[in-house]
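> Numbering (numbering that gives the first Met the number 0), first residue to last: 0 to 323.
Cβ atoms here follow ideal geometry from the backbone N, Cα and C, with glycine treated the same way.
No experiment lies behind these values; they were computed from the predicted model shown.
One structure, as structure tokens, below. Some questions next.
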Amino acid sequence: MKRIGVLTSGGDAPGMNAAIRAIVRTGVAHDLEMYGIKRGYQGMIDGAIEAMDARSVSGIIHRGGTLLHTARCEAFREVEGRAAAAAQLARHGIEGLVVIGGNGSYHGAYKLCQEHGIACVGLPGTIDNDIGGTQYTIGFDTALNTAVEAIDRLRDTAASHDRIFFVEMMGRCSGFIAMYSGLAGGAEEMLVPESITVISELVDILREARARGKTSMIVVVAEGDDAGDASTIARKVREAAPEFKKTRVTVIGHLQRGGTPTAFDRVLATRMGVIGVEALLEGKSNVMTAFENNTVTLRPIADSWETYNKFDPDLFRLAKLLSV
Ligand code: ATP
């Protein structure tokens, strides 16, 4: 293999740049010709493909977002779209791909390999930490720390005004950010898609906490909670318990996506980038890099959608135990 392409696809995540840097420099170290593909699969179809060298990735290890830009691409879901993309790769002589993204991006890579024989390796890049087969994804740790900082700040103002804050974190299908940030921020309750939310039980928890002398409280809500978003849940609580009229809602939103990647995410991205390129050199394909027990390994790419990365349910018990 002489030419490898790299792209970022789906939602951006802090640490993607560190991964791009590691991929390009590992390729250069192995005398490969490296290509950056801009705007994910859309850029592949459009032929937005440029040669990269070691200097192309200077000064990006500490930057959030992605130097290569990212996109979602409906056309790539179709056979014809993937054929057009494969034709562009052939034009540039690219035989191998490193795809940094989530489950959807991996599905695309898998099909490109099956239909056109392009060797593909996936690097898990998403703040949600919801990719099966790996215990950590690139970007989760940074997003988590941003979320915790937000809770810390809100706690200051909540305490000053005796208020209940409902804080909405990203996570449509996965409560990793909400659960971990709630634990790290000492929140009174975390509402996540992994468990059913019963408003009367939440009201009981808040009333009991108030009876124990708590004047301000933080409830962390994952955006995909079954009882609704943070505003809806705050309204339901006010309706069920008028004594909690001093509620405030904060949606952290896209602030969680941006920012300087943490050292953990940079190191994870770096390790995964190197191992991803070396996997292609060893002739491997349709594999993903995975973080397991402090080691970066390779797993079948299908593990990302055939298995689920779930947090330890014992965290619910810990949260309850400590929110006294
Ligand atoms: P995130 O977790 O940030 O949403 P993702 O990679 O899962 O990341 P998606 O929007 O699901 O994000 O997928 C990114 C792109 O991958 C899609 O826009 C599409 O081009 C391609 N893709 C997704 N699913 C498929 C599929 N089943 N077949 C072919 N291509 C796909």
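Taking DSSP as the reference, what is the three-state secondary structure of ALA221?
Three-state DSSP puts ALA221 in a strand.
> In the DSSP assignment, find the unbroken alpha helix (DSSP H) run with ALA268 in it and report its ends.
Looking at the DSSP string, the run of the alpha helix (DSSP H) that includes ALA268 is 262–280.
> Considering only DSSP beta bridges, list what VAL197 is partnered with.
In DSSP, VAL197 forms no bridge with anything.
> What residue ranges within the stretch 13–82 form continuous alpha helix (DSSP H) runs of no fewer than 4 residues, ordered along the chain?
Segments of the alpha helix (DSSP H) lying fully in the stretch 13–82: 15–28, 39–45.
> Which of the three DSSP states, helix, strand or coil, is assigned to ALA301?
Coil at ALA301, not helix or strand.
> So, are the CB atoms of ALA142 and ILE163 less than 8 Å apart?
Not closer than 8 Å, so no.
> Considering only DSSP beta bridges, list what ILE99 is partnered with.
For ILE99, which the question treats as bridged, DSSP gives the partners THR7, LEU122.
> Rounded to the nearest angstrom, what separates ALA157 and TYR105 at their Cα positions?
Roughly 42 Å separates the two Cα atoms.
> In terms of residue numbering, what span does the alpha helix (DSSP H) encompassing THR141 cover?
Here the alpha helix (DSSP H) through THR141 covers 139–160.
> Which of helix, strand or coil does DSSP assign to ALA186?
Here ALA186 sits in coil by DSSP.
> Report whether the distance from the Cβ of SER8 to the nearest heavy atom of the ligand ATP is below 7 Å.
Yes.
> DSSP has VAL250 in a bridge; who is on the other side?
Answer is GLU167, bridged to VAL250.
> Per the DSSP calculation, ALA289 is bridged to which residue(s)?
Looking at the DSSP assignment, ALA289 forms a beta bridge with THR296.
> Does the distance from the C-beta atom of TRP304 to that of ASN128 stay below 8 Å?
No, the Cβ-Cβ distance between TRP304 and ASN128 is not below 8 Å.
> Can you give the beta carbon distance from ALA210 to ILE99, rounded, assuming they're within the 8 Å contact cut?
Rounded, the Cβ-Cβ distance is 49 Å, inconsistent with contact.
> Under 8 Å by Cβ, that's how I've got VAL250 and GLU167 pegged, so tell me the actual separation to the nearest angstrom.
Yes, they are in contact, since the Cβ atoms of VAL250 and GLU167 sit about 4 Å apart, within 8 Å.
> May I ask you to report which of helix, strand or coil DSSP gives MET0?
Note: MET0 maps to coil in three-state DSSP.
> Do VAL5 and GLY42 have their C-beta atoms within less than 8 Å of each other?
Taking 8 Å as the Cβ cut-off, VAL5 and GLY42 do not qualify as a contacting pair.
> Determine the extent of the alpha helix (DSSP H) in which ALA239 is found, giving its start and end residues.
229–239 is the extent of the alpha helix (DSSP H) around ALA239.
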